[in-house]
Amino acid sequence: MIGRNNHLVSINDVEIEKLLDFAYSIEFNLYEKLSCEGKILANLFYEPSTRTSSSFASAMYRLGGDVISINDVNYSSVSKGENLQDTIRTMSNYCDIIVLRSAMAGNCATAARVSEVPIINAGDGNGEHPTQTLLDLYTIWKKFDRIKDLRVTFVGDIENGRTVHSLAKALEGNCELNYCETYEVDELPESDVYYLTRVQRERGSTGTYELTERMVRWMPEDCIVLHPFPRNEEIPVWFDDDPRAKYFEQMKNGLYIRMALLHKYI
Ligand code: NCD
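Structure, rendered in structure tokens:
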């Protein structure tokens, strides 16, 4: 059992190192065939998504299971005024696990209270995004062989970035954490990991920032630059070919993490 209970609402609900090990064994085929054959995942998304919804769906198909995709609740009974609890009660009759993205912090905990099947938090408002954190940690772990004793700088939207909230929670006490809000981004402290985020305009955040050539010159040779994506202007595309840019590898890692999660939680 990797989860501490049946639901994954907060990053605190997971035994992180065990999950990373399991994802590694999936990525490098160390196990015999894993299967979720005969199982059904419901993707229930109240906010837009590309990577999270698609990688969960892909993970489920690769495990031999099936997917009900409600990737835009506006085409469901939510548009007729159905509340979250009724939608969750309904969907839990039809599937074995629900991946839920919602617009309000706390909604996943509410869903977990009424659901008959495990709820996986795929981002709740400006609260948490624990499955993103697991793939962030997996990327860090594969690079440095550890997820402690590292210097990690968060750059961008600290207040409303849910990916920052979960990752900081996971690293707190084990790593040296620095925070650079958008308006302070000018010089970055020396770090092993730079975790950049988009300005969450849909949550009322304002401001803008951009990685400059000068900043990049100051970054250590052996650091990595992560970003949960989607990006806006904060990372110019010319940086993509830099060996320190790990965000495409990071999103690929999401597949193995989500295969591991589906297999463990169903
Ligand atoms: C993030 C999210 O939804 O919080 N995206 C993701 O899941 N990879 C980041 C963001 O939207 O800025």
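Heads up: the sequence shown is residues 10 to 275, going by this note's numbering.
Ideal placement from N, C-alpha and C gives every residue a C-beta, glycine not left out.
As assigned by DSSP and simplified to three states, the class of residue i
i: I275; result: coil
i: C117; result: helix
i: E185; result: strand
i: G47; result: coil
i: V194; result: coil
i: N169; result: coil
i: N38; result: coil
i: E211; result: helix
i: T59; result: coil
i: C92; result: Before going on, a small fix: residue 92 reads as Asn here, not Cys. Residue state, collapsed to three classes: coil.
i: H138; result: coil
i: S67; result: helix
i: M100; result: helix
i: N241; result: coil
i: K152; result: helix
i: Y218; result: coil
i: N80; result: coil
i: L29; result: helix
i: D158; result: coil
Counted within 10 angstroms of its Cβ, other Cβ atoms place residue i as buried (16 or more) or exposed
i: V246; result: exposed
i: Y84; result: exposed
i: N135; result: buried
i: R122; result: exposed
i: G132; result: buried
i: T142; result: buried
i: Y103; result: exposed
i: S111; result: buried
i: N130; result: buried
i: P237; result: buried
i: R210; result: exposed
i: F65; result: buried
i: G74; result: buried
i: P239; result: exposed
i: P139; result: buried
DSSP beta-bridge partners of residue i
i: L205; result: V164
i: L235; result: Y204
i: R110; result: F54
i: D75; result: I49
i: N130; result: L109
i: A254; result: V234
i: L17; result: I129
Inter-residue Cα distance where the pair is residue i and residue j
i: R223; j: Y55; result: 39 Å
i: V164; j: G115; result: 25 Å
i: C117; j: L39; result: 33 Å
i: Q94; j: R253; result: 44 Å
i: M268; j: E193; result: 38 Å
i: E242; j: E230; result: 23 Å
i: A179; j: I149; result: 12 Å
i: I49; j: T191; result: 41 Å
i: L264; j: V161; result: 24 Å
i: L220; j: V173; result: 18 Å
i: M69; j: V225; result: 38 Å
i: S86; j: R60; result: 24 Å
i: D154; j: I25; result: 14 Å
i: I9; j: I20; result: Shown here, the chain extends from 10 to 275; a query on residue 9 therefore has no answer.
i: V282; j: K89; result: Residue coverage of the chain in this structure runs from 10 to 275, which leaves residue 282 outside it and unanswerable.
i: Y218; j: E258; result: 23 Å
i: E181; j: N187; result: 11 Å
i: T119; j: L109; result: 11 Å
Anticipated Cβ contact below 8 Å, residue i with residue j, distance rounded
i: L205; j: W227; result: Contact doesn't hold; Cβ gap of about 15 Å is too wide.
i: L9; j: D195; result: No answer is possible for residue 9: the residues shown for the chain start at 10 and end at 275.
i: C232; j: Y203; result: 6 Å
i: L144; j: I266; result: 4 Å
i: S312; j: N169; result: Because the chain in this structure spans residues 10 to 275, residue 312 falls outside the shown range and cannot be described.
i: I97; j: V18; result: Actually they do not touch by this definition, with Cβ atoms about 13 Å apart.
i: S67; j: N52; result: That pair is no contact at about 11 Å.
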